[in-house]
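Student:
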Amino acid sequence: MNKTLTPRLELLNITKQYPGCLANDDISMRLSPGEIHALLGENGAGKSTLVKSIYGVVSPNSGQFLWNGKEVEIKSPSNARELGIGMVFQHFSLFETLTVSQNIELCLSKAQLEAIGSLAEKITELSTAYGLNVDPERLVHTLSIGERQRVEIMRCLVQDVKLLILDEPTSVLTPQEVSGLFNVLRTLSSQGCCILFISHKLHEVTEICHSATILRGGKVIDTCDPRVETPATIAKMMVGDLAEQDAGYSKKTGTENLLSVSSLSQDSSQPFGTSLKQISFELKKGEILGIAGVAGNGQDELMAAVSGEDNRKLKNTLWLDGDDISTLGAAARRERGMAYVPEERLGRGAVPDMSLSENTLLTHKEGFVKNGWVSWNAVKHYAKSIIEQYKVKCHGEFSEAKSLSGGNLQKFIMGREIGQKPKVLICAHPTWGVDVGAALAIHQALLALRDQGAAILLISEDIDELFLLADRMAALCDGHLSPVVKTEETTIDQIGQWMAGTFITPETSNNHQETAA
Ligand SMILES: Nc1ncnc2c1ncn2[C@@H]1O[C@H](COP(=O)(O)OP(=O)(O)OP(=O)(O)O)[C@@H](O)[C@H]1O
């Protein structure tokens, strides 16, 4: 990285105003060739808006972009790609039924394809050069999440990327995959590619980034060299002093069984989903049971089966407080004291076009509906209290869910479900995309709920968070559940290996029949 070179991209006074929200306020920034630059800030600080402007998805109201010193207009993603800007989003946009090569071909122009010649050969060549291990002939639905991410990176590489933007790239990867990704990024950087990296995981920023820009309230409030900072000093720049630090919470031993799952086997209802295979575990009162795993290994199916959202009836499979709930629907299970936070916040955790108050009523009737009448004042009061307690950045309880930044909506949904004081809370990825300050608040709320006697099933891809919060742990791989062990008696390495399926034997992999009613 050479800071004296003409910047690869220079942002001058970029401003983006949404109705009622100044998301980017006069932002200026320089990105040099070979630099790995972190874009940091609390939820709603304006990071996604800024990178979407750079990639031509959002058009700023004012400001300039200089590409290699020359002013350019970036009107669309194809415009951005022509310049050499590539972006890997959190949610991949690959067609499952096509091969890797076909997916990559779709985003190339005729001229680019002609220049490349054999695309499959080019992919194999780049795969070897960067250690990506991407096979051009594989169908995408057979790939793990980590492999799909590498296909997205490959899609940028074949277009000769000069600036690669990654939005929270590590939240879906195993620890081993994270180190593989970092090796690829280091190689790209050594060849002069500039990388812009959004992350809330500050230890990763100090490990891999050369520079960082910190946003707050849409403005640049600080810059730093992460190599000479610590995660704690960067957190302080982002959100001010954290009164308490997230460190070593005490582990608890649960008491009686609240939720029992016995030999749960079910085919996925999705074409490329994962079938559940003989899953059994006990979730106890006063404990957090963590389930690790890379996304796509049966987490969605497990959550849907336990919550009742998957309405195919089961038989003798699920017990809540000693009662068989296998044939009950989702609403009946909620009435018995279960609450859920699904991974997908927009669409399943919240209805995008509804206000936060209306979204509250969707999952929470107790105290709000009397004799068939909704007490809207009570609903609004509850939604407002969640907004205040979790510092949800929005205009108020009337804001539509879709107008909130990802992390702010996550805080609202977590608050809404924890506030119901459930007997059993099942939550997927509770702090996904949430900033350090809000993650601390959510962790403490989960621990307080556990200490009041709730049983919490925590499904997450964030292994550090699982080690921090879970009292017992297991891993899910290809629909199989590993043994459940006390967190204090296992290691990140062992759980990482279970996430890759080392506990699956030929007998367990063949021995499963559906437990349908
Ligand atoms: N389409 C929209 N309409 C209105 N306001 C919006 C829209 N998109 C984003 N905002 C607002 O702009 C601000 C910045 O949002 P942005 O998504 O850029 O934040 P962020 O830093 O990426 O947050 P997070 O870490 O939670 O993803 C937020 O206050 C958000 O509510």
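Take the sequence shown: its letters are residues 1 to 517, numbered as in UniProt numbering.
From the three backbone atoms N, C-alpha and C, an ideal C-beta is built for every residue, glycine too.
With a threshold of 16 other CB atoms inside 10 Å of the CB of residue 161, please say whether the residue is buried or exposed.
Tutor: The residue in question, residue 161, is buried, as its Cβ has 16 or more Cβ neighbours within 10 Å.
Student: Could you say which of 319, 147, 490 and 248 lies nearest to residue 296 if we only look at CA atoms?
Tutor: Comparing Cα-Cα distances from residue 296 to each of 319, 147, 490 and 248, the minimum goes to 147.
Student: Would you mind sorting residue 46 into buried or exposed? The rule is 16 or more other CB atoms within 10 Å of its CB.
Tutor: Residue 46 is buried by the Cβ-count criterion.
Student: Relative to the C-alpha of residue 411, which residue among 5, 155 and 43 is closest?
Tutor: Taking only the C-alpha atoms, the option nearest residue 411 is 43.
Student: Excluding the 5 residues flanking residue 122 on each side, which residues of the same chain have their C-beta closer than 7 Å to its C-beta?
Tutor: Here the set comprises 116 and 158.
Student: Tell me the rounded alpha-carbon separation between residue 184 and residue 170.
Tutor: Their Cα atoms are separated by approximately 13 Å.
Student: Does the distance from the CB of residue 51 to the CB of residue 165 come in under 8 Å?
Tutor: Yes.
Student: How many Å lie between residue 363 and residue 113 at the Cα?
Tutor: Rounded to whole angstroms, residue 363 to residue 113 spans 50 Å at the Cα level.
Student: CB of residue 43 to nearest heavy atom of ligand 1: below 7 Å?
Tutor: Yes, Cβ of residue 43 sits closer than 7 Å to a heavy atom of ligand 1.
Student: Rounded to whole angstroms, what is the Cα-Cα separation between residue 71 and residue 10?
Tutor: Computed Cα separation, rounded: 9 Å.
Student: Taking the CB atoms as reference points, tell me whether residue 24 and residue 60 lie closer together than 8 Å.
Tutor: For residue 24 and residue 60, yes; Cβs fall inside 8 Å.
Student: Is any heavy atom in ligand 1 found nearer than 7 Å to the beta carbon of residue 19?
Tutor: Answer for residue 19: yes, Cβ within range of ligand 1.
Student: Measuring alpha carbon to alpha carbon, tell me which residue in 307, 344, 340 and 335 is nearest residue 326.
Tutor: Residue 307 is the option with its Cα nearest to residue 326.
Student: Confirm, please, whether the CB-CB distance from residue 320 to residue 336 is below 8 Å.
Tutor: Taking 8 Å as the Cβ cut-off, residue 336 and residue 320 qualify as a contacting pair.
Student: Going by DSSP in three states, residue 82 sits in which element: helix, strand or coil?
Tutor: In this structure, residue 82 counts as helix in the three-state DSSP scheme.
Student: Please report the straight-line C-alpha distance between residue 472 and residue 5, rounded to a whole angstrom.
Tutor: Going from the Cα of residue 472 to the Cα of residue 5 covers about 52 Å.
Student: Look up residue 487 in the DSSP assignment and say whether it is helix, strand or coil.
Tutor: It is helical.
Student: Can you check whether the CB of residue 356 is closer than 8 Å to the CB of residue 394?
Tutor: Their beta carbons are under 8 Å apart, which means residue 394 touches residue 356 by this criterion.
Student: Under a Cβ-count criterion, where at least 16 other Cβ atoms within 10 Å of its own Cβ denotes burial, should residue 312 be classed as buried or exposed?
Tutor: Flag for residue 312 reads exposed.
Student: Output the boundary residues of the alpha helix (DSSP H) element that contains residue 236.
Tutor: That run of the alpha helix (DSSP H) goes 231-239.
Student: At which residue ranges does the region 349-401 contain complete alpha helix (DSSP H) runs of 4 or more residues, listed in the order of the chain?
Tutor: Segments of the alpha helix (DSSP H) lying fully in the region 349-401: 356-363 and 376-389.
Student: Are the region 464-484 and the region 379-394 in contact at 8 Å, needing three or more beta carbon pairs?
Tutor: Not touching, per the Cβ criterion.
Student: May I ask you to report which of helix, strand or coil DSSP gives residue 504?
Tutor: Three-state result, residue 504: coil.
Student: Using 8 Å as the threshold, is the C-beta distance between residue 456 and residue 425 below it?
Tutor: Against a cut-off of 8 Å, the Cβ pair of residue 425 and residue 456 comes out as a contact.
Student: So who's on the other strand from residue 65, going by DSSP bridges?
Tutor: In DSSP, residue 65 forms a bridge with 11 and 72.
Student: Sorted by chain position, which residues of the same chain lie with C-beta nearer than 6 Å to residue 474's C-beta, five sequence neighbours on each side aside?
Tutor: These residues qualify, in order along the chain: 291, 481, 482 and 484.
Student: My understanding is that residue 97 touches residue 138, with C-beta atoms under 8 Å, so please give their C-beta distance in whole angstroms.
Tutor: At roughly 12 Å, the Cβ-Cβ gap does not stay under 8 Å, so residue 97 and residue 138 are not in contact.
Student: Whose C-beta lies closer than 7 Å to the C-beta of residue 129 among residues of the same chain, with five residues either side of it excluded?
Tutor: Cβ within range, chain order: n/a, list empty.
Student: Taking residue 306 as part of the alpha helix (DSSP H), name the residues at either end of that continuous run.
Tutor: First-last of the alpha helix (DSSP H) with residue 306: 299-307.
Student: Just to confirm the assignment, what range does the beta strand (DSSP E) spanning residue 426 have?
Tutor: It spans 424-428 - the beta strand (DSSP E) in which residue 426 sits, taken as one unbroken run.
Student: Could you compute how far the alpha carbon of residue 398 sits from the alpha carbon of residue 498?
Tutor: Roughly 44 Å between the two C-alpha positions.
Student: Given 7 Å as the limit, tell me if residue 63 has its C-beta closer than that to any heavy atom belonging to ligand 3.
Tutor: With respect to ligand 3, the structure shown offers nothing to examine, as its ligands consist of ligand 1.
Student: Specify the secondary structure class of residue 446 as computed by DSSP and reduced to three states.
Tutor: Looking at residue 446 - three-state DSSP - the assignment turns out to be helix.
Student: What do you get for residue 488, buried or exposed, if any count of 16 or more other CB atoms within 10 angstroms of its CB means buried?
Tutor: Classification of residue 488: exposed, given that the 10 Å Cβ count is below 16.
Student: Indicate whether the contact test is met: 3 or more Cβ pairs, each with one atom in the region 223-237 and one in the region 185-194, closer than 8 Å.
Tutor: Result no; under three Cβ-Cβ pairs closer than 8 Å.
Student: Can you find a heavy atom of ligand 1 that lies under 7 Å from the Cβ of residue 59?
Tutor: Checking every heavy atom of ligand 1 against the Cβ of residue 59, none is found closer than 7 Å.
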